[in-house]
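This report refers to the structure that appears directly beneath it.
Residue numbers (the UniProt record's numbering): 1 to 315.
Have a look at this one:
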């Protein structure tokens, strides 16, 4: 929600402005870097600086502030980004109106490269939405590891990949969809944890379930190891469904991402605590091959996923 409606330019007023500036705003917001955003758009550093200056003048707000090497959005920028992205998606759809994919009458299979985590985050909402908007469209999920993104897209084994942000070549296009963070889930009525916070000492002293599948340790273990710390994992399983059943009937802890936690149907039986260390997660990113940039079906599905993820974040 926008905190100060009177300060936010209306869409009617924004129509008179240079719409390319909103593409720049979105790119800086996604990349959190003026240089990376310029590379994404094919613009020079001076051109990006000029565009950002015009945006600041137009909006009456700094929009981004420097925090180390990153461009951090201001509260005002966070408030308007959803409307800006929706407007850009609508405009993009209008530009391709003559080549539109017809979802209502389409009979197509999309192959998505997903991990168990991104399946949990994306598929329930996507399948529900497709059932209403594109009843003839089906989805096949394929486990695609980060190091297999480029090959999977290049050889056509998958149409899109939703995965953590990793370096890719110029042949792969990408769009950052969401920031995520670690949380710790425990059952309500836990025999030890009853306060509003979870200390590092408590985290290390208690037992844990690790959901590893075929991908090994997660962000939490890498972060602990980097600090010379280690937690006690008493059970390792392949799925979050199994892990949830375990913690619902024991005092064992489960560390997972916030976006995963928001999909848990038994959330009212659980308590969630912030992970007790600063352990940033790579942004959740959508990838596709450059050759599919203007493909109507691929573009339609990208827009659908973008909007579904956006609605999740602003719900």
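All residues carry an ideal CB built from backbone N, CA and C; glycine is no exception.
Whether residue i touches residue j by CB criterion (8 Å)
i: residue 289; j: residue 260; result: no
i: residue 197; j: residue 273; result: yes
i: residue 162; j: residue 122; result: yes
i: residue 64; j: residue 297; result: no
i: residue 61; j: residue 44; result: no
i: residue 255; j: residue 208; result: yes
i: residue 34; j: residue 84; result: no
i: residue 89; j: residue 294; result: no
i: residue 58; j: residue 21; result: yes
Nearest to residue i (by Cα), restricted to the options the options
i: residue 104; options: 138, 133, 149 and 20; result: 133
i: residue 238; options: 246, 231 and 232; result: 246
i: residue 334; options: 184, 172 and 164; result: With the chain running from 1 to 315 in the structure shown, residue 334 is simply not present.
i: residue 19; options: 32, 34 and 54; result: 54
i: residue 117; options: 306, 66, 305 and 284; result: 284
i: residue 67; options: 176, 307, 32 and 79; result: 32
i: residue 249; options: 23, 187 and 306; result: 187
i: residue 201; options: 156, 231, 242 and 179; result: 231
Presumed contact (8 Å Cβ cut-off) between residue i and residue j, rounded CB distance
i: residue 276; j: residue 199; result: 6 Å
i: residue 292; j: residue 257; result: No, residue 292 and residue 257 are not in contact; Cβ-Cβ is about 27 Å, not under 8 Å.
i: residue 219; j: residue 182; result: 6 Å
i: residue 251; j: residue 206; result: 7 Å
i: residue 210; j: residue 233; result: 5 Å
Same chain, Cβ closer than 7 Å to residue i, neighbours up to 5 away in sequence not counted
i: residue 109; result: 138 and 140
i: residue 279; result: 182, 219, 220 and 223
i: residue 180; result: 257, 258, 259, 281 and 284
i: residue 29; result: 73, 77 and 81
Any C-beta of chain D under 8 Å from that of residue i
i: residue 106; result: Within the model displayed, chain D is absent; a lone protein chain is all it includes.
Residues near residue i by beta carbon distance below 8 Å, same chain, minus five either side
i: residue 106; result: 134, 136, 137 and 297
i: residue 158; result: 111, 112, 113, 142, 144 and 152
i: residue 264; result: 185, 244 and 270
i: residue 149; result: 113, 161, 163, 166, 168, 172 and 287
i: residue 227; result: 277
i: residue 170; result: 290
i: residue 86; result: 307 and 310
Nonlocal neighbours in the same chain, by C-beta distance under 6 Å from residue i, ignoring five residues either side
i: residue 151; result: none
i: residue 77; result: 63
i: residue 41; result: 27
i: residue 203; result: 276
i: residue 175; result: 286
i: residue 314; result: Note on residue 314: pLDDT 43, under 50, position unreliable in the model; no value is reported.
i: residue 125; result: 308
i: residue 212; result: 236
i: residue 130; result: 137
i: residue 72; result: 65
Per-residue burial, residue i [other beta carbons within 10 Å of its own, 16 or more giving buried]
i: residue 266; result: exposed
i: residue 184; result: buried
i: residue 302; result: buried
i: residue 81; result: buried
i: residue 69; result: exposed
i: residue 120; result: buried
i: residue 304; result: buried
i: residue 192; result: exposed
i: residue 51; result: buried
i: residue 38; result: buried
i: residue 91; result: exposed
i: residue 253; result: buried
i: residue 115; result: buried
i: residue 225; result: exposed
i: residue 229; result: exposed
Residue i: CB within 7 Å of a non-hydrogen atom of the ligand COA
i: residue 290; result: By its list of ligands, the structure shown contains no ligand whatsoever, and the ligand COA lies outside what it can speak to.
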